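All remarks here apply to the structure that follows.
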Amino acid sequence: MRVSVLLFARYREAAGAPILEIEVADPATLRAVWDAVRQQVPALRGEARPLLACNRAYARPETVVQPGDEVAVFPPVSGG
Amino acid sequence: MRVSVLLFARYREAAGAPILEIEVADPATLRAVWDAVRQQVPALRGEARPLLACNRAYARPETVVQPGDEVAVFPPVSGG
Amino acid sequence: MPGLFRVVRESLRIEQAMEAVAGPDRGAIATFHGTVRDHHDGRRVLRLEYHAYPAMAEDVLSQIGREVQDRFGTGHVAILHRIGVLAIGETSVLVAVAATHRAAALAACAYAIERLKAIAPIWKKEHYADGSAWMEGSAADPAP
Amino acid sequence: MPGLFRVVRESLRIEQAMEAVAGPDRGAIATFHGTVRDHHDGRRVLRLEYHAYPAMAEDVLSQIGREVQDRFGTGHVAILHRIGVLAIGETSVLVAVAATHRAAALAACAYAIERLKAIAPIWKKEHYADGSAWMEGSAADPAP
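Chains as they are written, first to last, in numbering that gives the first Met the number 0: chain A, 0 to 79; chain B, 0 to 79; chain C, 0 to 143; chain D, 0 to 143.
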């Protein structure tokens with residue numbers, strides 16, 4: 000299963016790209032997606048607190064990703 | 000001793016004038032000034048909570064008025 | 000001390016209050032605007048009239064600014080109150096406080112408007128279709 | 000639901016936020032402005048850069064508006080966040096809340112900015128004379 004993962008802020012800089020295309024076994028959880036992202040981007044391997052989002056809402060690692068879902072991973076927020 | 004007393008809001012309407020000139024025995028306290036004001040303006044006789052000011056600062060009824068002091072009496076405030 | 004404390008007859012402009020408090024070393028500005036409501040206690044209000052003891056009111060607003068400095072550590076305070084006849088929706092009072100951090104700015108702004116309502120020698124008269132009435136607060140006598 | 004929730008590249012104008020929330024049945028408007036400070040933790044800051052996940056951020060700001068409605072009983076909320084490069088003194092975030100009474104407006108405004116900082120997917124990068132650093136908050140993971 001192919002998933003496009005949106006990256007933001009420091010994660011985007013670490014990956015050198017705003018979107019990563021990854022392959023994960025179907026059905027895939029957000030945790031599996033994140034593991035695949037870390038596999039592809041060594042600089043993110045030590046990340047302890049990634050935030051995960053599915054379809055523009057925060058989601059837990061157990062969430063199962065459906066084809067066409069908008070998936071994103073990013074570091075703790077700091078707006079304001 | 001002659002004292003000019005500034006009136007505001009409802010007290011001013013009750014007196015029909017922004018300033019009352021009153022005569023009080025010297026030395027006079029703010030309480031004596033207020034009593035003289037009520038003597039002169041019957042509509043104010045029932046007032047339970049007048050605020051008193053001397054030289055643009057809130058003052059207690061025991062405060063002794065000096066010649067030239069700016070004395071004012073007015074109802075509870077309601078700005079904002 | 001920095002700060003702007005005025006009782007005025009002209010329309011209040013938020014820009015004036017913001018400019019008086021803003022600065023490069025402050026990351027937060029909190030403001031409060033009191034505006035004229037079209038109702039009060041279920042009764043329709045047509046307009047408001049504010050009356051003040053202007054000289055004392057400005058002294059009291061400055062005193063509130065000093066209290067904010069003592070309690071919240073910032074002197075960047077603007078408190079403006081309008082007097083005269085105001086239409087529905089017009090701004091009667093404006094408070095702006097700038098501080099390094101947001102907690103101080105927000106708390107100081109709330110404090111300043113509470114104090115203004117309790118001690119500034121300013122009065123509000125409500126005008127209705129069939130008459131008018133002076134409002135009078137219930138705060139304790141501010142005398143020391 | 001009334002309200003204005005935007006992530007934008009243009010300068011933020013307080014008038015826009017005020018107009019979005021004001022109305023004749025509301026007597027109080029509280030606002031909060033976050034502005035770019037020239038220092039942070041003792042270090043001189045030259046400018047800030049804000050980055051966002053704009054679509055999700057606007058959804059989250061709208062959600063904060065619904066939380067304000069549930070907790071404080073007013074839906075008259077505007078939350079605007081700017082992204083891109085900001086100079087010292089520029090406004091990065093604007094919150095405005097209008098309510099019938101001042102207590103609700105003030106408390107809701109403070110609540111909204113706290114929530115924004117905790118959950119809006121927006122990030123700040125500080126630029127110094129000799130480099131830059133992403134800021135990252137310490138709030139709990141917002142996942143349900």
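The beta carbon of each residue, even a glycine, is placed where N, CA and C say it ideally should be. Because the structure is a prediction, the values reported are computed rather than measured.
Cβ of residue i within 7 Å of Cβ of residue j?
i: ILE82 of chain D; j: VAL35 of chain D; result: no
i: PRO74 of chain B; j: GLU135 of chain C; result: yes
i: LEU115 of chain D; j: GLY79 of chain A; result: yes
i: THR28 of chain A; j: VAL72 of chain A; result: no
i: GLY130 of chain C; j: VAL76 of chain C; result: no
i: ALA119 of chain C; j: VAL67 of chain C; result: no
i: ALA13 of chain A; j: LEU51 of chain A; result: no
i: ALA29 of chain D; j: VAL92 of chain D; result: no
i: ASP24 of chain C; j: ASP37 of chain D; result: yes
i: LEU11 of chain C; j: LYS123 of chain C; result: no
i: PHE71 of chain D; j: ALA107 of chain D; result: yes
i: ALA16 of chain C; j: ALA98 of chain C; result: no
i: VAL23 of chain B; j: VAL32 of chain B; result: yes
i: VAL94 of chain C; j: PHE31 of chain C; result: yes
i: VAL76 of chain B; j: ILE121 of chain C; result: yes
i: VAL70 of chain A; j: CYS53 of chain A; result: yes
What did DSSP end up calling residue i once you bin it into helix, strand or coil?
i: VAL44 of chain D; result: coil
i: PHE80 of chain A; result: Past the boundaries of the shown model lies residue 80 of chain A; chain A is included only from 0 to 79, so the question cannot be answered.
i: SER91 of chain C; result: strand
i: TYR110 of chain D; result: helix
i: SER131 of chain C; result: strand
i: VAL64 of chain A; result: strand
i: ALA104 of chain C; result: helix
i: GLU20 of chain B; result: strand
i: VAL6 of chain D; result: strand
i: LEU51 of chain A; result: strand
i: ARG44 of chain B; result: coil
i: ARG25 of chain D; result: coil
i: ALA201 of chain C; result: The structure shown does not extend to residue 201 of chain C, since chain C is modelled only from 0 to 143, so the question has no answer here.
i: ALA27 of chain A; result: strand
i: ARG70 of chain C; result: helix
i: GLY33 of chain C; result: strand
i: ARG65 of chain D; result: helix
Would you say residue i lies against chain D (beta-carbon separation less than 7 Å)?
i: SER3 of chain A; result: no
i: TYR10 of chain A; result: no
i: PRO75 of chain A; result: yes
i: GLY79 of chain A; result: yes
i: ARG36 of chain C; result: yes
Does residue i have its Cβ less than 7 Å from a Cβ in chain C?
i: GLY45 of chain B; result: no
i: ALA24 of chain B; result: no
i: ASP40 of chain D; result: no
i: ARG8 of chain D; result: no
i: ILE153 of chain D; result: Past the edges of chain D, shown from 0 to 143, lies residue 153 of chain D, and the structure says nothing about it.
i: ASP129 of chain D; result: no
Flag residue i as yes if its beta-carbon sits less than 7 Å from any beta-carbon of chain B, otherwise no.
i: ALA119 of chain C; result: yes
i: ALA109 of chain C; result: no
i: GLU69 of chain C; result: Per the sequence shown, residue 69 of chain C should be read as Asp rather than Glu. Answer no: the Cβ-Cβ gap between ASP69 of chain C and chain B never drops below 7 Å.
i: ALA132 of chain C; result: no
Could you tell me whether the Cβ of residue i comes closer than 7 Å to any Cβ of chain A?
i: ALA139 of chain D; result: no
i: HIS80 of chain D; result: yes
i: GLY136 of chain D; result: yes
i: LEU115 of chain D; result: yes
i: ALA77 of chain D; result: no
i: ALA16 of chain D; result: no
i: HIS126 of chain D; result: no
Starting from residue i, follow its DSSP beta bridges and name the residues at the other end.
i: TRP122 of chain D; result: D:HIS50
i: ALA86 of chain C; result: C:ARG46
i: HIS39 of chain C; result: C:ARG42
i: ILE78 of chain C; result: C:PHE4, C:VAL94
i: PHE73 of chain A; result: A:LEU50
i: ARG12 of chain D; result: In DSSP, ARG12 of chain D forms no bridge with anything.
i: ALA56 of chain A; result: A:CYS53
i: VAL2 of chain A; result: A:ILE21
Residues of the region 20-33 of chain C with Cβ closer than 7 Å to any Cβ of chain B, in chain order: Hits within the stretch, in order: GLY33.
The region 26-58 of chain B: positions lying closer than 8 Å to chain C by Cβ: If the cut-off is 8 Å between Cβ atoms, the region 26-58 of chain B has ARG48, LEU50, LEU51, ALA52, ARG55, ALA56, TYR57, ALA58 near chain C.
Residues within the region 87-107 of chain D neighbouring chain A, beta-carbon criterion of under 9 Å: Within the region 87-107 of chain D, the residues whose Cβ lies closer than 9 Å to some Cβ of chain A are SER91, VAL92, listed in chain order.
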